[in-house]
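Take a look at the structure below.
Chains as they are written, first to last, in my numbering: chain S, 7 to 709; chain B, 16 to 399.
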């Protein structure tokens with residue numbers, strides 16, 4: 007030991023040693039703890055640090071637009087301010103305070119003109135689709151003033167935030183609503199199905215629910231961007247580790263022409279309104295009221311199967327679905343009492359096609375040789391229609407069939423039978439299929455099926471109906487499932503007769519009817535109808551995908567088959583000067599510019615059988631032109647409206663007249679109308695005399 | 016042995032050359048304290064430079080380097096005057112310190128984080144309690160030395176009276192951490208000064224009881240209690256204190272064995288740990304240099320403490336021993352408390368790590384303490 011510490015007694019050395027020992031012992035827990043944190047628990051802490059410092063930001067991508075054939079925007083996007091509540095921030099708020107907050111929020115939002123109730127906010131907030139840390143959207147589409155207000159008084163609304171989102175915008179209002187469809191929040195079912203899709207979906211994302219929005223969801227949907235960033239404690243972004251930019255959804259261009267679409271919708275509505283004005287009919291069985299509540303119309307280009315217009319009545323305003331439809335509104339739209347406005351009757355409504363079905367029965371007769379040199383009748387052979395048809399050797403069920411009103415048309419060949427719509431002529435054919443050896447009693451069904459009846463056309467819309475072509479087998483099946491609905495499970499000759507004129511159990515959608523006629527008039531090409539024309543790049547406008555016409559099949563349709571049928575149908579809209587008689591739709595097509603735009607058609611009047619109720623007939627009409635190479639085929643169905651020739655044919659006549667004379671009015675969007683009105687006002691201020699004249703003109707054209 | 020003897024003779028040179036003690040400077044102590052300070056300055060830079068590589072903020076680094084420079088100069092000055100001469104000035108320093116502790120309680124003092132412990136001059140702050148630590152050590156050593164290593168109850172009482180003054184004033188600042196440092200220093204020095212074992216035992220029991228009494232009396236604010244208890248269960252505790260400790264542990268834990276590298280700590284860069292450049296600077300060390308770097312820093316502290324103890328043992332008189340032990344206790348306790356709190360095994364008391372944490376008062380006070388130990392070490396051969 008050195009000299010220096012000599013002054014220290016032994017006890018002090020011990021005390022120094024004790025102090026040194028204490029000092030050294032301090033390092034033991036420190037190093038042990040360091041080892042524990044940095045070596046044993048390293049992985050867990052590395053993860054927690056990453057949780058702290060990295061954040062994934064999802065950047066939403068706008069949905070693609072929907073354009074018409076001429077590139078006019080039918081569905082656009084617009085910015086909408088969304089109010090959200092941060093659940094994490096709210097977790098610590100007492101429920102009384104929460105109620106108060108909801109009340110204040112509802113009050114402020116309502117005051118700004120967006121009527122909102124507390125339970126509405128609460129239901130949105132409590133919805134279990136969001137996790138405990140989510141920002142829950144509660145009210146959409148608030149005003150900018152309110153956004154500023156909420157930001158200014160944020161201390162009154164803790165956890166309440168606003169963000170700008172994009173929502174659907176409909177420049178043409180409810181035009182083509184059924185085609186376009188609508189979007190809505192992902193349902194739970196959809197959430198699991200979209201998990202497999204390439205484009206990411208979030209819990210509060212919207213998805214196409216119907217129409218084009220649903221069918222072209224994959225194209226329209228934008229690809230959300232993703233940014234993985236390093237953040238500091240205050241969520242400032244320090245660096246971007248990974249960035250996938252958001253990609254806007256593609257635009258979808260439709261085959262629809264909005265001018266024609268608007269005209270179709272207007273004429274359909276007008277047709278129904280006129281049908282409604284018919285006086286109530288008193289018959290033996292009871293009173294028949296022309297309710298004319300609903301209808302549908304489809305216009306198609308028979309050359310390529312593209313749909314030019316598709317209308318369904320009643321319709322709805324897709325704007326209701328923007329930012330979430332209220333339950334009340336949704337109930338209204340799905341109420342049978344309101345005739346199901348959401349239903350797209352053009353593809354989902356199934357109707358007995360009635361006499362519009364006859365050309366296919368005629369085709370069956372020609373195809374099987376029932377009409378022909380070796381059949382029961384030659385094409386030009388006359389058959390005497392006495393207005394009534396009795397089934398030979400009738401075994402049961404109805405045995406006596408008649409024309410509408412027991413009209414006797416006298417001697418008719420195939421052409422005239424179609425022109426007059428002679429039921430008896432076709433009953434005769436049907437009975438022959440049923441009875442004559444060597445003929446298949448299902449010949450009509452076979453022919454109809456080959457023209458697309460009884461199965462979906464494959465139109466580019468979801469939820470299409472398939473209609474029904476009854477056969478003995480399907481009757482047996484139906485009887486087995488529901489014996490009370492039928493007298494017998496066996497197929498009677500009467501059933502074949504009913505089938506031959508599109509009655510009985512035959513059901514078809516307006517689209518199927520149009521599509522079958524399209525094949526009939528284009529030489530036998532059955533298309534799957536297209537509503538989508540192409541997919542466009544949303545930025546450059548370049549075509550990304552072009553949808554070619556989809557040929558389902560080529561039907562065997564030699565001129566020797568189609569000529570007599572089409573000749574017969576050409577007479578429907580005209581006055582047959584050669585024999586001095588008129589077709590069933592002549593009245594409707596009186597003074598139509600036939601020489602300019604030759605048009606043919608077929609009327610149909612079908613009975614919808616409803617138990618214990620007497621309802622008015624369904625009026626149908628199909629027409630096409632200009633002959634001989636038609637560019638338009640149109641079909642219309644008016645529910646509970648009366649005779650097709652009287653109520654349905656005028657609808658198409660008015661449409662075709664505009665088309666024939668190239669006089670389809672331009673349909674203006676709301677913005678265009680506003681602009682026009684403003685211009686008029688400005689000009690009228692300069693020259694008051696113009697004003698009255700122009701405004702009157704505009705009013706006239708609008709009415 | 017022979018060599019030592021020669022040196023001894025050289026030191027006993029009656030010519031009394033005032034520069035001769037400088038030949039006995041404890042190089043190890045100087046190097047280890049300066050190393051800690053330099054590491055600390057770099058850690059301060061890492062914790063405060065911000066995230067924009069174009070304009071890294073160097074102001075904290077520059078100021079810390081300034082404090083360091085001033086500290087080293089002050090250390091030299093303190094070492095220059097023989098400590099047995101300085102003792103004449105000690106009461107003046109001590110009472111001046113007490114006056115400043117009183118003054119800081121007046122509106123002249125500035126409150127930060129609930130503690131009223133600073134004077135502010137422009138962008139510089141002075142924390143009188145830091146400077147008082149050294150004055151108190153010297154004052155207490157000065158008083159205890161005269162009893163030649165045995166304290167009776169009265170002398171012990173007097174020593175405690177001396178201790179109560181700064182501790183009481185600092186508690187009035189509500190700076191519990193610094194008060195604890197004073198208590199630790201007092202206990203360490205009383206042990207060396209010869210307090211009887213039974214007295215130390217009784218004192219400990221009375222201290223614990225008093226602490227319990229203060230705790231339950233409600234004199235402490237809720238947040239203060241939180242800070243003291245949150246380390247026990249930081250997960251369930253939702254306080255800022257618990258957040259701070261949790262974040263510090265995430266930073267340290269994610270450093271792993273070898274750390275994420277200088278300037279690369281994610282937690283540090285994101286400024287997730289409040290006070291990461293001052294009291295919680297060990298989180299930066301742990302994150303950026305890992306277990307190995309942390310152990311190196313602790314080893315440097317071990318060297319500092321070893322050199323202080325060595326000086327205490329080699330001191331030519333009890334005064335030198337007491338001063339060295341007091342300074343050693345100061346460093347040891349602050350290091351343990353501050354690192355321990357960052358590691359989550361000690362309560363949050365808000366005291367800096369000696370030499371490493373940002374702060375002028377602390378840096379200067381540490382170097383003054385080191386200067387005193389050097390002073391003793393340099394003069395260990397001079398006969399009293």
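Beta carbons are placed, not taken as given, at the ideal position from N, Cα and C, and that holds for glycine.
Distance between beta carbons of residue 246/B and residue 360/B, contact taken as under 8 angstroms: 7 angstroms
Handout entry: Residues near residue 324/S in its chain [Cβ-Cβ closer than 6 angstroms; skip 5 each side]
Key = 176, 183, 188
Own chain, CB closer than 7 angstroms to residue 21/B, minus 5 neighbours either side, in chain order: Its pLDDT being 42, under 50, residue 21/B is placed unreliably in this model, and the value from its coordinates should be taken loosely. Counting only Cβ-Cβ distances below 7 angstroms, and skipping sequence neighbours, we find nothing.
Taking residue 640/S as part of the beta strand (DSSP E), name the residues at either end of that continuous run.
638-644
key: Identity of the residue in 379/S, 398/S, 503/S, 374/S nearest residue 445/S by Cα   = 374/S
Requested in this report: To the nearest angstrom, report how far apart residue 262/S and residue 315/S are at their CA atoms.
Outcome: 5 angstroms
Relative to the C-alpha of residue 671/S, which residue among 115/S, 396/S, 264/S is closest?
264/S
Pull up the DSSP beta-bridge partners for residue 417/S, would you. 390/S
*Could you check how far apart the C-beta atoms of residue 299/B and residue 61/B are, in whole angstroms? I think they sit under 8 angstroms.*
6 angstroms
Using 10 angstroms around the beta-carbon of residue 523/S, count the other beta-carbons present and answer buried if the total reaches 16, otherwise exposed. buried
* First and last residue of the beta strand (DSSP E) that includes residue 16/S? -> Segment 16-31 is the alpha helix (DSSP H) holding residue 16/S; no beta strand (DSSP E) there.
The ligand HEM heavy atoms versus the CB of residue 419/S: any closer than 6 angstroms?
For the ligand HEM, the structure offers nothing, since it holds no ligand at all.
Quiz item: For a contact meaning CB atoms closer than 8 angstroms, what does residue 35/S contact in chain B?
Solution: 355, 360
- Query: Nearest chain S C-beta to residue 264/B closer than 7 angstroms, yes or no?
  - Reply: yes
Burial state of residue 30/B, where buried means 16 or more other Cβ atoms lie within 10 Å = Any reading at residue 30/B must be qualified, since the residue scores a pLDDT of 48, below 50, and its modelled position is unreliable; the value itself is stated next. The residue in question, residue 30/B, is exposed, as its Cβ has fewer than 16 Cβ neighbours within 10 Å.
Where residue 315/B and residue 101/S are concerned, what is the direct C-alpha to C-alpha distance, given to the nearest angstrom?
-> 55 angstroms
Cross-chain neighbours of residue 247/S in chain B, by beta carbon under 9 angstroms
Near residue 247/S there are no residues of chain B at all, since even the closest Cβ is about 11 angstroms away, more than 9 angstroms.
Which residues DSSP lists as bridging residue 319/S, in chain order | 301/S
Per the DSSP calculation, residue 2/B is bridged to which residue(s)? This structure gives no information on residue 2/B, because the portion of chain B shown stretches from 16 to 399.
Expected contact under 8 angstroms - CB spacing of residue 715/S and residue 231/S to nearest Å: Nothing about residue 715/S can be reported from this structure: the residues present for chain S run from 7 to 709 only.
- Task: Taking C-beta pairs closer than 8 angstroms, name the residues in chain B that residue 238/S reaches, listed in chain order.
- Result: 66, 284, 285, 286, 287
Q | Chain-ordered neighbours of residue 257/B on chain S, where CB pairs are closer than 8 angstroms | A | The contacting residues do not exist; residue 257/B stays about 14 angstroms from chain S at best.
| query | CA-CA distance, residue 590/S and residue 71/S? | reply | 43 angstroms
With DSSP as the reference, label residue 629/S as helix, strand or coil. strand
Practice problem: Spatial neighbours of residue 372/S within its chain, please: CB distance less than 7 angstroms, with the 5 preceding and 5 following residues excluded, ordered by chain position. | Solution: 378, 567
Exercise. So, do the segment 91-98 of chain B and the segment 374-386 of chain B have three or more beta carbon pairs nearer to each other than 8 angstroms?
Worked result: yes
Taking DSSP as the reference, what is the three-state secondary structure of residue 26/B? Residue confidence is low: residue 26/B scores 45 on pLDDT, short of 50, so the model does not pin down where it sits. Its coordinate-derived value is still stated next. Of the three classes helix, strand and coil, the one that applies to residue 26/B here is helix, per DSSP.
| query | How would you write the range of the alpha helix (DSSP H) that residue 110/S sits in, first residue to last? | reply | 101-117
Mind checking who residue 770/S pairs with in its DSSP beta bridge? Because chain S in this structure spans residues 7 to 709, residue 770/S falls outside the shown range and cannot be described.
Comparing C-alpha positions only, which one of 207/B, 202/B, 230/B, 144/B sits nearest to residue 217/B? 202/B
Endpoints, the alpha helix (DSSP H) within which residue 335/B is located
333-358
Whole angstroms is fine: what's the gap from residue 455/S's alpha carbon to residue 359/S's? 14 angstroms
**Interface flag, residue 20/S vs chain B, CB-CB below 7 angstroms** = no
Practice item. For the segment 514-528 of chain S and the segment 627-645 of chain S, state whether three or more C-beta atom pairs, one from each stretch, are separated by less than 8 angstroms. Key: yes
Checklist line | Distance between beta carbons of residue 48/S and residue 268/B, contact taken as under 8 angstroms | finding: 6 angstroms
| query | Thinking C-beta only, is residue 505/S closer than 7 angstroms to residue 450/S? | reply | yes
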